[in-house]
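One structure below.
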Amino acid sequence: MPTRVVQLRDYLLSKEVGGHKKTFDEAYNKIQVKTYLTDRVLTGGYKTNREKRWETHPASVHFALRRDCFDTEYRLIQQLCHFNGFPPRIKDELRNRNLIETSAEPFRCPITLEPLSFEKFEEEILNPVAGKSSFQVGHLNPLKAVNDDAHSGHTAENISWVSANGNRIQGSLSLGETRAMIERIATNYLKLKPQKPSD
């Protein structure tokens, strides 16, 4: 996997991607921080401040092996390559080089299940507005959550791109808790059929 991750990174950060190079430069800046560096945590038993995850205390929820970080980077790039409208020429080249998995389905926010748009991602990442982001990277089961889910922790299976709406809805809940809450709301809404607020 590390070789594939490095080859994928090298291609997407090369001039071969044409006018999308700056987009991938900025995307990788975001991905590298989320993947390889710890959060800033100034309280609790294991304080961290953007050190490499494999250098923090092994009992910290922010700890991850280097190979897990490689897997996480690969997952986030794989998801990005399946955003709606991702450049077909680049995707075809990545498939020809066997650097990404093939999927006919666009990548969807795991909370709202809406497809994420590469065009909107590119616009936002090239023209950022301070304090606003429609595209977040988050853990599906929060690192501090206490549960027995096999996909907890800083692992590839537990990380994803999430829309701003999805991130707001989820808050500090796990993915399972969030989906159960949405299902309860939908059931109540259909059962009670509340009146639309007046204009």
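Residue numbers (this note's numbering): 31 to 229.
Note that CB positions come from ideal geometry on N, CA and C, so glycine has one too.
Predicted model, so just to flag it, every value in this text is computed and none were measured.
Check your understanding: Which two residues bound the contiguous beta strand (DSSP E) that contains F165?
Key -> F165 to H169
Practice item. Select from L129, F151 and Y58 the residue whose C-alpha is nearest the C-alpha of G115. Key: If you compare the alpha carbons of L129, F151 and Y58 with that of G115, the shortest gap goes to F151.
Review point. What is the rounded straight-line gap between the Cα of K45 and the Cα of K51?
Key: 6 Å
Point to revise | Unbroken alpha helix (DSSP H) run spanning I141, endpoints | key: I141 -> no alpha helix (DSSP H), and no H or E assigned at all.
Check your understanding: Which runs of the alpha helix (DSSP H) spanning at least 4 residues fall entirely within the region 71 to 97, listed in chain order?
Key -> DSSP assignment within the region 71 to 97 yields no whole alpha helix (DSSP H) run of 4 residues or more.
**Study point:** Inter-residue Cα distance where the pair is L205 and K162
**Key:** 23 Å
Exercise for review: State the start and end residues of the unbroken alpha helix (DSSP H) segment that holds K155.
Suggested key: The amino acid occupying residue 155 in the given sequence is Ile; Lys does not appear at that position. Bounds of the alpha helix (DSSP H) holding I155 are F148 to L156.
Review point. For K64, is the classification buried or exposed, using 16 other Cβ atoms within 10 angstroms of its Cβ as the cut-off for buried?
Key: Within a 10 Å sphere around the beta-carbon of K64 sit 16 or more other beta-carbons, which makes this residue buried.
Exercise for review: Look at Y12 and A216 and say whether their C-beta atoms are less than 8 Å apart.
Suggested key: Since the first and last residues shown for the chain are 31 and 229, residue 12 lies out of range.
Check your understanding: Leaving out five residues before and five after S193 in sequence, what residues of the same chain have Cβ atoms less than 8 Å from its Cβ?
Key -> C139, I141, T142, E144, L146, S164, F165 and Q166
Point to revise | Exposed unless 16 or more other CB atoms sit within 10 angstroms - verdict on T132 | key: exposed
Check your understanding: Cα-Cα, which of E149, K223, K221 and L42 is closest to R127?
Key -> L42
Check your understanding: Apart from the five residues on each side of it in sequence, which residues of its chain come closer than 8 Å, Cβ to Cβ, to Q37?
Key -> Within the same chain, Q37 has close Cβ partners R127 and L129.
Point to revise | T86, buried or exposed, once every other Cβ within 10 Å from all chains shown has been counted against 16 | key: buried
Review point. In whole angstroms, what separates the C-alpha of V35 from that of P118?
Key: Within the model, the alpha-carbon separation for V35 versus P118 is close to 20 Å.
Exercise for review: Identify the continuous alpha helix (DSSP H) that holds V35 and give its terminal residues.
Suggested key: P32 to L42
Practice item. Kindly indicate which residue of C99, D55 and Y58 has the alpha-carbon position closest to the one of P32. Key: The alpha carbon of P32 has as its nearest neighbour, out of C99, D55 and Y58, the alpha carbon of C99.
Practice item. Starting from V192, trace the beta strand (DSSP E) both ways and give me its first and last residue. Key: I189 to S193
Point to revise | Cα-Cα separation between H92 and D69, rounded to whole angstroms | key: 7 Å
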